[in-house]
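Let me begin by presenting the structure, written as structure tokens, before commenting on it.
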């Protein structure tokens with residue numbers, strides 16, 4: 023019975039148990055990473071050895087070089103960065119404008135429109151996918167970056183608007199009034215007051231935009247045809263078709279796709295956690 | 015609150031245009047297309063034929079819907095429970111929290127294609143990590159992705175690698191928002207441990223739970239990349255997911271009318287799910303101060 027122990031001992035026991043479970047869980051969740059790195063450093067003969075050798079000797083560092091050059095991964099990375107860059111600018115500019123309107127300006131129908139905006143989060147992309155594809159086809163812009171970037175300039179996505187709106191709601195309104203008295207136009211307030219104060223939120227938007235585009239598969243799959251325009255995700259998929267049995271190369275190529283996201287996380291942990299917490303909680 | 019005439023509309027204009035151009039317009043167009051036969055060349059009105067064919071004569075439609083429903087049925091509750099469990103653990107005062115949080119969170123950052131390739135290798139029947147692990151426990155592992163019986167469970171299992179991601183962080187933020195006073199008050203009334211969890215933590219977390227559930231179901235219904243990359247729907251259509259079949263109809267077989275009808279059926283299913291959840295929310299979702307939003 024708990025009554026037999028002092029509350030402090032009970033707490034200690036609870037913490038010790040939590041610590042043990044956390045250790046086991048963390049190990050379990052990390053194993054796939056270790057397995058991937060380990061495979062990426064093996065020779066093709068070592069890959070299929072049972073039991074597996076976790077630390078291959080000697081390590082085949084050349085696998086990374088081959089994975090990087092067998093298919094033009096530098097081009098894929100460049101394309102992905104170009105798409106991300108173009109889309110992110112659109113996302114930041116248009117979403118912050120829209121969020122400003124929803125958070126800090128009063129106008130008839132605002133709340134109804136905001137709920138309409140939120141409800142489109144529930145709309146499965148497949149409902150609009152085919153007609154949107156037909157629009158780009160009609161404009162002869164299939165196999166360009168336009169379908170993957172231009173839509174970002176029209177609101178920047180429900181998630182982004184929501185996140186920025188939540189952040190804007192926390193900025194004191196007196197600042198707007200003061201700027202208005204100083205003769206700022208509404209757009210001036212957005213540019214010179216709101217945006218500079220929202221840097222942390224904007225950093226979060228840029229982060230998630232990068233991750234979204236780095237990860238995106240269906241978009242590039244539908245819209246990009248020529249290999250010189252492939253993104254990393256599509257390139258990796260093609261790599262699978264060509265080198266599927268050479269698992270050491272496949273894992274090395276996968277790591278090329280994985281590592282930037284992990285590095286980014288270590289650089290910007292706080293923004294990640296804050297950004298998610300801000301959009302997940304009720305506003 | 016600033017009030018300056020119609021500036022509000024100017025601010026939201028980008029979204030309004032985008033909404034008409036990329037959401038409302040295409041929605042109507044796809045509804046129209048769903049009543050047509052269209053192969054990128056000729057467009058013919060066929061009435062409800064696409065829906066009839068799908069619902070009455072297309073076993074693959076039902077197969078893909080069943081596969082997806084099973085996937086949702088298991089991956090969402092398991093994922094939510096797992097996310098909550100991790101959040102509860104990370105909400106304890108133990109050493110190394112930052113390390114643990116990172117270890118659980120990182121898998122959710124792995125891009126979908128890379129994750130699919132890594133897990134395909136983990137599931138390898140002869141030299142894969144999973145069957146090696148099982149063999150150490152004296153169990154002969156199954157064929158995983160290569161056996162129609164275990165292929166779908168494999169995808170569900172793989173989806174659980176990401177449970178430490180944003181859903182968990184949202185739970186954690188929710189947990190940290192519950193005031194200690196509530197627990198202290200409850201403790202004076204004799205509610206500790208499980209009772210406190212049942213009567214304080216769960217009700218206070220229910221809005222978060224609700225948010226995660228609604229978005230979890232919508233997201234899981236649209237599972238695509240793992241099935242496309244790892245199995246391409248096989249073996250024997252065991253992992254033919256709804257959106258994969260829709261994609262195949264649209265961009266492989268160029269049956270754009272049929273694919274549009276599938277999109278609308280999916281939309282209606284998700285709409286019903288979401289409405290039922292919102293309806294039932296008043297019974298189990300607790301909003302502090304009694305207000306609902």
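Protein chains in written order, with this note's numbering: chain A, 23 to 305; chain B, 15 to 307.
Yeah, the Cβ is synthetic: ideal placement off N, Cα and C, and Gly gets one too.
The structure displayed is predicted, hence computed values, not measured ones.
Measure from the C-beta of residue i to each C-beta in chain B and report whether the shortest distance is under 8 angstroms.
i	result
residue 134/A	no
residue 111/A	no
residue 175/A	yes
residue 144/A	yes
residue 23/A	Because the pLDDT of residue 23/A is 43, which lies under 50, any placement of that residue in the model is unreliable, and the number read from its coordinates should be weighed accordingly. Judged by the 8 angstroms Cβ criterion, residue 23/A is not in contact with chain B.
residue 263/A	no
residue 231/A	no
residue 271/A	no
residue 37/A	yes
residue 53/A	yes
residue 304/A	Only weak support exists for where residue 304/A lies, its pLDDT of 39 falling under 50; the value from the coordinates is given anyway. Closer than 8 angstroms to some Cβ of chain B, the Cβ of residue 304/A qualifies, so yes.
residue 249/A	no
residue 165/A	no
residue 290/A	no
residue 152/A	yes
For chain A, is any of its Cβ atoms less than 8 angstroms away from the one on residue i?
i	result
residue 288/B	yes
residue 29/B	yes
residue 93/B	no
residue 219/B	no
residue 37/B	yes
residue 76/B	no
residue 294/B	no
residue 279/B	no
residue 157/B	no
residue 236/B	yes
residue 175/B	yes
residue 124/B	yes
residue 216/B	no
residue 249/B	no
residue 193/B	no
residue 44/B	yes
residue 259/B	no
residue 255/B	no
residue 23/B	yes
Can you look up residue i in the DSSP assignment and give me helix, strand or coil?
i	result
residue 236/A	helix
residue 59/B	strand
residue 51/B	strand
residue 114/A	helix
residue 139/A	helix
residue 192/B	coil
residue 279/A	helix
residue 110/B	coil
residue 75/A	coil
residue 158/A	helix
residue 255/B	coil
residue 300/B	coil
residue 223/B	helix
residue 272/B	helix
residue 83/A	coil
I want to see whether chain E comes within less than 8 angstroms of residue i, judged by CB atoms only; does it?
i	result
residue 161/A	Chain labels in this structure do not include chain E; the protein chains are A and B.
Assuming residue i contacts residue j under a Cβ cut-off of 8 angstroms, what Cβ separation, rounded to an integer in Å, is found between them?
i	j	result
residue 250/B	residue 190/B	Residue 250/B to residue 190/B, Cβ: 47 angstroms. No contact.
residue 58/A	residue 273/A	5 angstroms
residue 283/A	residue 123/B	4 angstroms
residue 54/B	residue 270/B	7 angstroms
residue 165/A	residue 252/A	The pair is not a contact, with the Cβ atoms about 11 angstroms apart (cut-off 8 angstroms).
residue 12/A	residue 254/A	With chain A covering 23 to 305 only, the question about residue 12/A has no answer from this structure.
residue 280/B	residue 259/B	Actually they do not touch by this definition, with Cβ atoms about 11 angstroms apart.
residue 144/B	residue 93/B	About 19 angstroms separates the two Cβ atoms, so there is no contact after all.
Once you ignore the five residues that flank residue i on each side, which residues in its own chain have a CB closer than 7 angstroms to its CB?
i	result
residue 294/A	229, 287
residue 120/A	177, 183
residue 45/B	278
residue 187/A	121, 124, 125
residue 180/A	139, 140, 142, 143
residue 97/A	250
For residue i, collect the residues of the same chain with a Cβ closer than 6 angstroms to its Cβ; drop the 5 residues on either side in sequence, then sort them by chain order.
i	result
residue 304/A	A caution first: residue 304/A carries a pLDDT of 39, below 50, which makes its placement in the model unreliable, though a value can still be read off. Cβ neighbours of residue 304/A beyond the five flanking positions: none.
residue 215/A	197, 201
residue 181/B	97, 226
By Cβ distance below 8 angstroms, which residues in the same chain neighbour residue i in space, the five residues on each side in sequence not counted?
i	result
residue 221/B	188, 299, 300, 301
residue 108/A	167, 171, 174
residue 44/A	none
*In chain order, which continuous runs of the alpha helix (DSSP H) of length 4 or greater are located wholly inside the segment 86-134 of chain A?*
95-126
*For the segment 203-262 of chain A, which segments carrying the alpha helix (DSSP H) assignment without a break, of at least 4 residues, lie completely within its bounds, in sequence order?*
208-211, 221-237, 240-245
*Mind pulling the alpha helix (DSSP H) runs of 4 or more residues that sit fully within the segment 107-157 of chain B?*
111-119, 126-136, 143-150
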